[in-house]
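Asks: Residue 3 is where the sequence shown starts when you use the numbering used here, and the numbers rise one by one after that.
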Amino acid sequence: MASSGLLWALFATSALAQSLADVCTVDYVVDHLPSDDDFNGLVFDSSSVTANPVYNASANGQNNFVSATGLNYCNVTFSYSHAGRSNDTFNLWYYLPTPSSFQNRFLATGGGGESINSGASGLAQGIINGAVAGLTDGGFGGFNNEVTDVILLVNGTLNYEALYSFGYKGIHEMTIVGKQLAKNFYNTSSIYSYYFGCSEGGREGWSQVQRYATQFDGAVIGAPAIRQAYQQVNHLSSGVIETQMNYFPPPCELERILNDTIAFCDPLDGKTDGVVSRTDLCRLQFNANMSIGSSYYCAASGGMGGGMGGGPTKRQFGGSTPAQNGTVTAEGAAVAQSIVNGLFDSEGRQIYMSYQPSATFSDAQTNYNDTSDEWYVTADGIAVTWINMFLDEVSSSELSLNNVTADTLRGWILEGLQKYSGTMQTVWPDLEEFHEAGGKVLTYHGESDYSIPTISSVIYQNAVRQTLYPNMSYNEGMDKINEWYRLFLVPGAGHCGPSDTQPNGPWPLTTLETLIQWVEDDVKPVTLNGTVTEGSEEGDSQQICAFPLRPHWAGNDSSVTCIYPDEAALDTWYPDLNSIPLPVY
Ligand code: CA
Numbered sequence: 003m004a005s006s007g008l009l010w011a012l013f014a015t016s017a018l019a020q021s022l023a024d025v026c027t028v029d030y031v032v033d034h035l036p037s038d039d040d041f042n043g044l045v046f047d048s049s050s051v052t053a054n055p056v057y058n059a060s061a062n063g064q065n066n067f068v069s070a071t072g073l074n075y076c077n078v079t080f081s082y083s084h085a086g087r088s089n090d091t092f093n094l095w096y097y098l099p100t101p102s103s104f105q106n107r108f109l110a111t112g113g114g115g116e117s118i119n120s121g122a123s124g125l126a127q128g129i130i131n132g133a134v135a136g137l138t139d140g141g142f143g144g145f146n147n148e149v150t151d152v153i154l155l156v157n158g159t160l161n162y163e164a165l166y167s168f169g170y171k172g173i174h175e176m177t178i179v180g181k182q183l184a185k186n187f188y189n190t191s192s193i194y195s196y197y198f199g200c201s202e203g204g205r206e207g208w209s210q211v212q213r214y215a216t217q218f219d220g221a222v223i224g225a226p227a228i229r230q231a232y233q234q235v236n237h238l239s240s241g242v243i244e245t246q247m248n249y250f251p252p253p254c255e256l257e258r259i260l261n262d263t264i265a266f267c268d269p270l271d272g273k274t275d276g277v278v279s280r281t282d283l284c285r286l287q288f289n290a291n292m293s294i295g296s297s298y299y300c301a302a303s304g305g306m307g308g309g310m311g312g313g314p315t316k317r318q319f320g321g322s323t324p325a326q327n328g329t330v331t332a333e334g335a336a337v338a339q340s341i342v343n344g345l346f347d348s349e350g351r352q353i354y355m356s357y358q359p360s361a362t363f364s365d366a367q368t369n370y371n372d373t374s375d376e377w378y379v380t381a382d383g384i385a386v387t388w389i390n391m392f393l394d395e396v397s398s399s400e401l402s403l404n405n406v407t408a409d410t411l412r413g414w415i416l417e418g419l420q421k422y423s424g425t426m427q428t429v430w431p432d433l434e435e436f437h438e439a440g441g442k443v444l445t446y447h448g449e450s451d452y453s454i455p456t457i458s459s460v461i462y463q464n465a466v467r468q469t470l471y472p473n474m475s476y477n478e479g480m481d482k483i484n485e486w487y488r489l490f491l492v493p494g495a496g497h498c499g500p501s502d503t504q505p506n507g508p509w510p511l512t513t514l515e516t517l518i519q520w521v522e523d524d525v526k527p528v529t530l531n532g533t534v535t536e537g538s539e540e541g542d543s544q545q546i547c548a549f550p551l552r553p554h555w556a557g558n559d560s561s562v563t564c565i566y567p568d569e570a571a572l573d574t575w576y577p578d579l580n581s582i583p584l585p586v587y
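(1) Can you tell me the Cα-Cα spacing of Leu270 and Gln427, whole angstroms?
(2) Tell me where the alpha helix (DSSP H) around Cys267 begins and ends.
(3) Can you give me the C-alpha to C-alpha distance between Val235 and Val242, rounded to a whole angstrom?
(4) What are the uninterrupted segments assigned as alpha helix (DSSP H) that are 4 or more residues long and contained completely in the stretch 406 to 467, given in chain order?
(5) Could you give the distance in angstroms between the alpha-carbon of Gly320 and the alpha-carbon of Thr281?
(6) Can Trp509 be considered in contact with ligand 1, in the sense that its beta carbon sits closer than 8 Å to one or more heavy atoms?
(7) Using a 10 Å radius around the Cβ and a threshold of 16 neighbouring Cβ atoms, would you call Glu302 buried or exposed?
(8) Can you tell me whether Tyr188 is helix, strand or coil according to DSSP?
(9) By the DSSP assignment, the beta strand (DSSP E) with Ala135 in it spans what residues?
(10) Compute the beta-carbon to beta-carbon distance between Leu183 and Leu35, rounded to the nearest angstrom, for a pair I have assumed lies under 8 Å.
(11) How many Å lie between Val429 and Arg229 at the Cα?
(12) Buried or exposed: which applies to Glu376, given that a residue is buried once 16 or more other Cβ atoms fall within 10 Å of its Cβ?
(13) Output the residue ranges of the beta strand (DSSP E) runs that lie fully inside the stretch 115 to 177 and measure 3 residues or longer, sorted by chain position.
(14) Less than 9 Å between CB atoms is the rule here; does Gln358 satisfy it with respect to chain D?
(15) Around the C-beta of Tyr194, are 16 or more other C-beta atoms found within 10 angstroms, so that it is buried, or is it exposed?
(16) Enumerate in chain order the residues of its own chain whose CB-to-CB distance from Thr150 is below 8 Å, with the five nearest sequence positions on each side excluded.
(17) Could you work out which residue in Phe436, Thr368, Gly112 and Ile173 is closest to Pro324 when comparing CA atoms only?
(18) Find out if the Cβ-Cβ distance for the pair Asn589, Asn58 is shorter than 9 Å.
(19) Can at least three beta-carbon pairs, one atom from the stretch 469 to 484 and one from the stretch 251 to 261, be found at a separation below 8 Å?
(20) Is it buried or exposed for Asn66, if we count other Cβ within 10 angstroms and need 16 for buried?
(21) I need the straight-line Cα distance from Gly112 to Asn62, nearest angstrom please.
(22) Answer with buried or exposed for Arg87, where buried requires no fewer than 16 other C-beta atoms within 10 angstroms of its C-beta.
(23) What are the boundary residues of the beta strand (DSSP E) that Gly532 is part of?
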């Protein structure tokens with residue numbers, strides 16, 4: 003690339019030759035802001051610009067990236083509004099690498115839960131990789147605000163600007179502005195652009211890839227909260243199953259069933275390490291009835307589970323509970339197995355799928371009434387927010403499960419589909435333009451995710467396969483899609499992180515670096531590098547297989563091989579969701 007190298011030399015008097023102190027000033031940033039003419043309708047407020055150089059900073063990567071020190075960057079914020087709209091302020095926050103460290107990259111970051119950003123700590127991942135990194139407040143009134151702070155103007159009046167911002171526009175605008183800022187700031191004409199996010203942040207990533215084919219060269223998408231019309235309501239499935247079966251298991255009883263599940267299914271992958279790496283085989287071979295009669299004991303505050311594996315296990319759930327002492331009942335086993343089987347309507351049709359066996363029974367957690375000495379279930383969390391605020395448009399944290407059946411949940415799902423297919427549902431399956439533009443997607447999902455069913459990511463990839471490669475066999479289509487969109491199921495992992503109940507499992511900490519190599523150097527991640535982050539094998543590295551290949555070990559001391567699953571195991575990933583009369587993309 004001699005010619006571009008020559009051009010590079012000619013322009014080398016630009017920002018790249020300057021120090022961080024030279025460029026990290028309010029005046030410099032104001033001079034290099036995108037102009038109002040760059041983007042139709044965006045109006046930048048130059049008086050809002052802040053710029054501060056930061057030297058020798060450290061960053062805690064938590065479960066997202068490898069922690070780092072010695073980071074130098076420019077910390078910049080400013081706001082913009084939309085022409086023709088009053089009381090409209092969107093705040094943007096960018097980290098820009100010290101000029102000598104800039105590697106012509108931009109990184110957009112997303113949020114989680116009801117948030118459109120994950121705070122500035124995630125921006126450091128960009129600095130580590132020579133990228134300008136950005137986040138937005140979505141116009142919600144501040145970086146710490148959530149969409150639920152503004153989604154209702156008053157009861158009965160949805161804030162559609164906030165909805166569309168959260169749905170996809172906020173991240174999009176932060177990205178196009180950030181890419182232009184990076185080009186202006188470093189005086190360069192082309193940059194690579196990436197996305198990173200998990201859970202709601204994963205949904206936000208898909209919202210971009212599905213709409214803006216050339217916006218990102220690549221996206222890291224973890225456990226995406228897509229298919230929200232189903233996903234949010236589905237959090238109530240466990241409680242409704244308990245209510246319909248009129249049995250409310252003590253948490254310790256479900257914990258014992260979980261421990262029995264893990265102990266039974268652990269060796270099915272060929273390696274007895276406390277990690278269920280083949281939850282598909284587990285689904286075929288374990289039934290919660292096998293736990294009936296198993297004893298459990300949990301102390302009044304914390305304590306040990308009674309797992310068949312014999313080792314100490316952590317409590318599934320926090321909060322104070324009385325001592326629980328008993329044996330797994332037929333009713334408890336039936337509830338647990340029904341939860342694993344998924345949600346069915348009154349006509350026996352499957353509405354939606356559940357988590358994999360070996361996932362903690364998080365949604366099924368019961369509460370204790372010390373007056374009546376009984377366990378009971380309530381509706382809480384993100385499902386209640388969804389049903390009250392997004393469906394019913396009332397600001398309330400109360401939702402009674404009285405008279406709520408699986409058919410009621412089905413009705414709420416249909417309502418969400420009608421109302422939010424263009425925003426929060428986020429399952430548009432035609433990624434042809436993104437693929438044609440050369441885009442890459444590296445997506446991962448904990449195989450024991452307890453909050454977003456692992457199957458959710460599997461069936462979305464399959465929907466994209468069927469859309470792009472309709473005339474190919476399953477195997478041919480999966481080979482094709484794996485050239486640019488790979489899904490890694492992380493053995494033993496929970497939701498967007500490793501799991502305390504299966505501590506020897508790997509967790510991927512270098513997904514962005516892997517994606518960058520794929521995009522810029524054409525190094526396809528045949529397997530994904532994972533690191534054991536806790537437990538007796540902490541620090542070990544393990545390779546994670548790309549779906550539909552599945553991990554297998556020839557013995558406890560061997561390394562993993564990725565094998566094609568047999569038909570019965572493969573079929574467990576594609577349940578027949580025949581209750582809702584629409585394709586489940
Ligand atoms: Ca195992």
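In this text, a Cβ means the ideal position worked out from N, Cα and C, and glycines have one as well. What you are looking at is a predicted structure, and each value in this text was computed from that prediction instead of being measured.
Replies: The relevant details are as follows:
(1) 35 Å
(2) Pro253 to Cys267
(3) 11 Å
(4) 408 to 422 and 434 to 438
(5) Caution applies to Gly320, whose pLDDT of 45 falls short of 50 and renders its modelled position unreliable; the value that the coordinates give is listed next. Each residue's alpha carbon lies about 25 Å from the other.
(6) no
(7) Residue 302 is actually Ala in this sequence, not Glu. Answer is exposed; the Cβ neighbour count stays below 16.
(8) helix
(9) Ala133 to Thr138
(10) 7 Å
(11) 6 Å
(12) exposed
(13) 133 to 138 and 154 to 156
(14) Reference to chain D is not applicable here, since this structure consists of a single protein chain.
(15) buried
(16) Glu116, Thr387 and Met391
(17) Thr368
(18) No statement about residue 589 is possible, as the shown extent of the chain runs from 3 to 587 and does not include it.
(19) no
(20) buried
(21) 17 Å
(22) exposed
(23) Leu530 to Val534
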